[in-house]
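In this note's numbering, the protein residues as written are 181 to 563.
Yeah, the Cβ is synthetic: ideal placement off N, Cα and C, and Gly gets one too.
Taking it in order: structure first as C-alpha cells, then the write-up.
Structural data, given as C-alpha cells:
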C-alpha cells in the first residue's frame, strides 16, 4: 500500500481510492507508530487536515465563527447537531447556570456510588414520561450509552442482527457482548436499527421490521439519537412518526443532538433497566453526567415540548435546501432530516456560497475517507 501511495501527487488522487480499512496494518512493531500509508496520505492531504476538527469560536448555530488559518471566519454551519437551536437558548443557559451554583461542576462519582443527584432522578422520570416508558437510565456519553446498553443486555447465546449502516457504538456493543453478530443490507429488515440513519438521513423501515421481529418473537432495539425531539407529532422520534411506539420495548437516545448537550439515555421496563445498571460497564464504571448538563437537558426538553414550531421550522429548512439541491441536479437520495450528496465538498461549498453569499461553509472535510458521501445537517432557525 505504501508503495502505491508514493505514486500519488495530491490528495485529490486519493479520493475514492482509500478508506480507513487501508490504514489498519502497520509497518512497525510499535503500536504507537501509525502505518506508513496513513502518514503519506496525511502529508498529501495537508490542506484538508488543516480544516479538519475546526476550532469553533462561537456557538454551534446556523451561522458561527471558526478559526481558519489563524483568523476568525464567519461560516454557515452544516455539520452541527444543534437541530432545534437550543445550545444558546437563554432559558437553557439560565438553568445550567443555576445548577452550577447549587451543585458545582461535576458529579464526582459513579451513578452507583455518589454521582446520582435529585436532578438526575428528575431527568430520568421526565424522559421516561415523555417517551411513555416505565423508566429511563442516563449515560454520560452517547456512544458509551449505546455501547453499554447492547453489550450489557446481549449474552453469548444471543444473536444480534444489525443494519450495515448502524452506528459504530451499536456494532462495537454487539461485538463486546460476544454474541453472534450478523448484518443485513441497509434498510432490509433487521433487529438493531436507528430511527434516522446518520450517514444517509433516511428512516428505518420500522413497520416491516417489527412485523418480521414479532413473527420470530425477537426483541427490537431502536436508536433514536438523530430523530429524538425532531420527528413525530410530539417529537418522540421515528417510532412516533410511524405510530409504532407501543411495539418497541427499548428506545435509546442522546442528549448531544437536539437536546444540544451531551450524554445518552435508554428507556424501557423497570426490571430491564435495573439489570442493565449493573451490566452496562460504561454506566457502572463511569462518572455520572454533570448536574449542570442534566439541568440544561431538562430545560431543553421543556422547550422542545412547549415550542413545536422549532421542529416544524427544522423540517421546513431541510425540505427547502433539499429541493434547491434537487433543482440543480444533485441527488440527495432518500434523506429526510439529513441531506447526503455524492459529490466533492468543493462543489457543495460552491453551491452553498452561490445561494447564501456567505463567507464559507463547514462540512466535515475529510468524511470522504470514510464514505463517498457528504452529510449536511440543519438547525431550526434562520441562516
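Notebook entry, point to check: Relative to the alpha-carbon of residue 265, which residue among 215, 508, 240 has its alpha-carbon at the smallest distance?
Noted result: 240
Notebook entry, point to check: For residue 202, which of helix, strand or coil comes out of DSSP?
Noted result: helix
Item checked: First through last residue of the beta strand (DSSP E) which encompasses residue 417 -> No beta strand (DSSP E) holds residue 417; DSSP gives it neither H nor E.
Note to self: Check for me: the beta strand (DSSP E) holding residue 509 runs from which residue to which?
What the structure shows: Note, residue 509: premise wrong, no beta strand (DSSP E); not H, not E.
Notebook entry, point to check: Is it right to say residue 471 is buried, meaning 16 or more other beta carbons lie within 10 angstroms of its own, or is it exposed?
Noted result: buried
Checklist line | Within 8 angstroms, strictly: CB atoms of residue 295 and residue 456 | finding: no
Checklist line | Local Cβ density within 10 Å of residue 213, reported as buried at 16 or more and exposed below that | finding: exposed
Checklist line | Sequence-distant residues of its chain with Cβ nearer than 7 angstroms to residue 280 (five each side left out) | finding: 472
Note to self: Under DSSP, the alpha helix (DSSP H) around residue 324 begins and ends at which residues?
What the structure shows: 322-333
Notebook entry, point to check: Given residue 245, which residues of its chain have a CB within under 6 angstroms of its CB, disregarding the five upstream and five downstream residues?
Noted result: 237, 238, 252, 254
Item checked: Neighbourhood of residue 412 by C-beta distance below 8 angstroms, restricted to the same chain and skipping five residues each side -> 418, 419, 420, 421
Next item on the list: Please work out which residues of its chain come closer than 7 angstroms, Cβ to Cβ, to residue 319, disregarding the five sequence neighbours upstream and downstream, and give them in chain order.
Entry: 325, 328, 443, 444, 445, 462, 463
Check: Can the beta-carbon of residue 315 be found closer than 8 angstroms to that of residue 308?
Finding: yes
Item checked: Three-way DSSP call (helix, strand, coil) for residue 297 in this model -> coil
Next item on the list: Tell me, please, whether the region 420-434 touches the region 402-410 by the rule of three or more beta-carbon pairs shorter than 8 angstroms.
Entry: yes
Margin query: What does DSSP give as the partner residue(s) for residue 385 in the beta ladder?
Written below: Paired residues: none, contrary to the question.
Notebook entry, point to check: Taking the Cβ atom as the reference point for each residue, do residue 203 and residue 211 lie within a distance shorter than 8 angstroms?
Noted result: no
Notebook entry, point to check: If you count every other CB in all the chains shown that lies within 10 Å of the CB of residue 496, and 16 or more means buried, which is it?
Noted result: exposed
Next item on the list: Compute the distance between the beta-carbons of residue 157 and residue 481, then report whether it is under 8 angstroms.
Entry: Nothing about residue 157 can be reported from this structure: the residues present for the chain run from 181 to 563 only.
Note to self: By alpha-carbon positions, which one of 427, 414, 410 ends up nearest to residue 395?
What the structure shows: 427
Note to self: Mapping the DSSP letters down to three states, classify residue 408 as helix, strand or coil.
What the structure shows: coil
Check: Do you know how far the Cα of residue 491 is from the Cα of residue 261?
Finding: 14 angstroms
Checklist line | Nearest-angstrom Cα separation, counted from residue 360 out to residue 348 | finding: 16 angstroms
Next item on the list: Compute the beta-carbon to beta-carbon distance between residue 174 and residue 290, rounded to the nearest angstrom, for a pair I have assumed lies under 8 angstroms.
Entry: Limits of the chain in this structure are 181 at one end and 563 at the other, which puts residue 174 out of reach.
Item checked: Classification of residue 518 by the beta-carbon crowding that lies within 10 angstroms, buried from 16 upward -> Model confidence at residue 518 stands at a pLDDT of 42, short of 50, so the residue's coordinates are unreliable; what they give is reported in the following sentence. Buried, since its Cβ has 16 or more Cβ neighbours within 10 Å.
Check: Going along the chain, which residues of its own chain have a beta-carbon closer than 6 angstroms to the beta-carbon of residue 479, five neighbours each way excluded?
Finding: 271, 272, 275
Next item on the list: Go ahead and label residue 357 buried or exposed: buried means 16 or more other beta carbons lie within 10 angstroms of its beta carbon, across all protein chains shown.
Entry: buried
Item checked: Beta-carbon proximity check, residue 477 vs residue 439, cutoff 8 angstroms -> yes
Next item on the list: Using 10 angstroms around the beta-carbon of residue 416, count the other beta-carbons present and answer buried if the total reaches 16, otherwise exposed.
Entry: buried
Checklist line | Contact belief for residue 256 with residue 267 at Cβ below 8 angstroms, rounded distance in angstroms | finding: The Cβ separation is near 16 angstroms, so there is no contact.
Checklist line | Inter-residue spacing [alpha-carbon to alpha-carbon] between residue 485 and residue 306 | finding: 12 angstroms
Margin query: Taking its Cβ as the centre, do 16 or more other Cβ atoms sit within 10 Å of residue 209, making it buried, or is it exposed?
Written below: exposed
Next item on the list: State the Cα-Cα distance for the pair residue 235 and residue 391, rounded to the nearest angstrom.
Entry: 46 angstroms
Check: Helix, strand or coil: how does DSSP classify residue 432 here?
Finding: strand
Notebook entry, point to check: How big is the Cα-Cα spacing for residue 430 and residue 200?
Noted result: 32 angstroms
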